[in-house]
Amino acid sequence: ETAHILLADDNTDMRDYLKRLLSTRYSVDAVTNGAAALGAAFERTPDLVLSDIMMPELDGFQLLHALRADPRTSTVPVILLSARAGEEAAIEGLKAGADDYLVKPFSGREMLARVSAHLEMAKVREKTARQERQHAERLQKLAQAALAINSILSSEEILWLITDQARTIIGAHQGITSRKTDETWAQAVHAISLSEKYAYWRDYDARPDGSGI
């Protein structure tokens with residue numbers, strides 16, 4: 002799918018030039034000021050924002066702060082453009098939360114290379130976050146299984162629960178790690194073996210009336 006770039010620059014010549022350049026690779030929405038850019042970002046979340054700093058209504062820094070403050074756009078990569086050269090200007094932009102800072106004039110090749118790099122990094126971050134969410138869900142399933150085991154009386158019920166949870170977890174685990182089925186089922190068999198030992202030890206420790214010691 003083609004990435005969507007939001008471009009904000011009040012200079013007509015620069016805006017048209019950047020739009021022509023970016024449109025060879027991406028879908029581009031070009032606006033003339035920070036306020037329009039903020040509205041466009043909330044209407045359709047961009048994959049990356051390329052913004053001039055000196056603009057009317059909302060300047061680049063104000064736009065950046067507004068984007069970072071909203072959960073819908075807080076992780077969107079932002080590249081700031083400025084005519085201010087020097088290390089201090091670049092540091093100011095990065096400290097404000099920008100992902101990158103380009104000083105005008107810059108080459109089209111450099112700009113495209115930086116845009117491409119930040120889009121790729123954003124994909125990696127999203128993939129990592131998705132895997133972490135899936136991992137947390139698997140841990141929650143295991144915790145639920147452990148709690149349920151404590152209230153189950155028969156080893157048959159324990160085996161059924163462990164097998165059912167293992168089947169669910171194995172499906173998610175294979176999707177992330179691409180492990181073979183025999184590897185993941187080996188882990189499940191080990192878990193079932195442990196559950197059988199647990200049931201035996203529990204029965205061994207039971208009082209004559211059936212309650213645990």
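Residue numbers for the sequence shown, in my numbering: 2 to 214.
Every residue, glycine too, gets a C-beta built ideally from N, C-alpha and C.
Predicted model, so just to flag it, every value in this text is computed and none were measured.
* Asked: For L140, does the count of other Cβ atoms within 10 angstroms reach 16, so buried, or fall short, so exposed?
  -> exposed
* 3-residue-minimum beta strand (DSSP E) runs that sit fully inside the segment 2-78, ordered along the chain -> 5-9, 28-32 and 49-53
* Mapping DSSP to helix, strand and coil, what is D101? -> strand
* Simplified DSSP state of S83, which is helix, strand or coil -> strand
* Euclidean distance between Cα positions of A4 and L39 -> 18 Å
* Asked: Count the other CB atoms within 10 Å of the CB of D71; is the residue buried (16 or more) or exposed (fewer)?
  -> exposed
* Quick one: is F62 buried, meaning 16 or more other Cβ sit within 10 Å of its Cβ, or exposed? -> buried
* Of all the options W161, L59, I80 and L8, which has the alpha carbon lying nearest to the alpha carbon of S28? -> L8
* Inter-residue spacing [alpha-carbon to alpha-carbon] between A192 and A146 -> Unreliable positioning characterises A192 in this predicted model, as indicated by a pLDDT of 48, which lies under 50. The coordinate reading is nonetheless provided below. Each residue's Cα considered, the two are about 12 Å apart.
* Under the three-state DSSP convention, the category S108 falls into -> coil
* C-beta contact flag for P78 and L49 at 7 Å -> yes
* To do: Check whether the Cβ atoms of L22 and G109 sit closer than 7 Å, and answer yes or no.
  => yes
* Would you kindly check if the distance between the Cβ of S52 and the Cβ of L95 is under 7 Å? => no
* Would you mind sorting A84 into buried or exposed? The rule is 16 or more other CB atoms within 10 Å of its CB. => exposed
* Asked: Looking at C-alpha atoms only, which residue of L103, E2 and N34 is the closest neighbour of T13?
  -> N34
* Within the same chain, show all residues whose beta-carbon is closer than 8 Å to that of E89, passing over the 5 residues directly before and after it, in chain order. => none
* **Cβ neighbour criterion (16 or more within 10 Å) applied to M122** => exposed
* **Close-in-space but distant-in-sequence residues of the same chain around L247 (CB under 8 Å, 5 per side omitted)** => There is no way to answer for residue 247, as the model of the chain reaches only from 2 to 214.
* **Close Cβ partners of R126 (< 8 Å) along its chain, the five nearest in sequence each way excluded** => T76
* Have a look at T46 and V32 and give me their C-alpha separation to the nearest angstrom. => 14 Å
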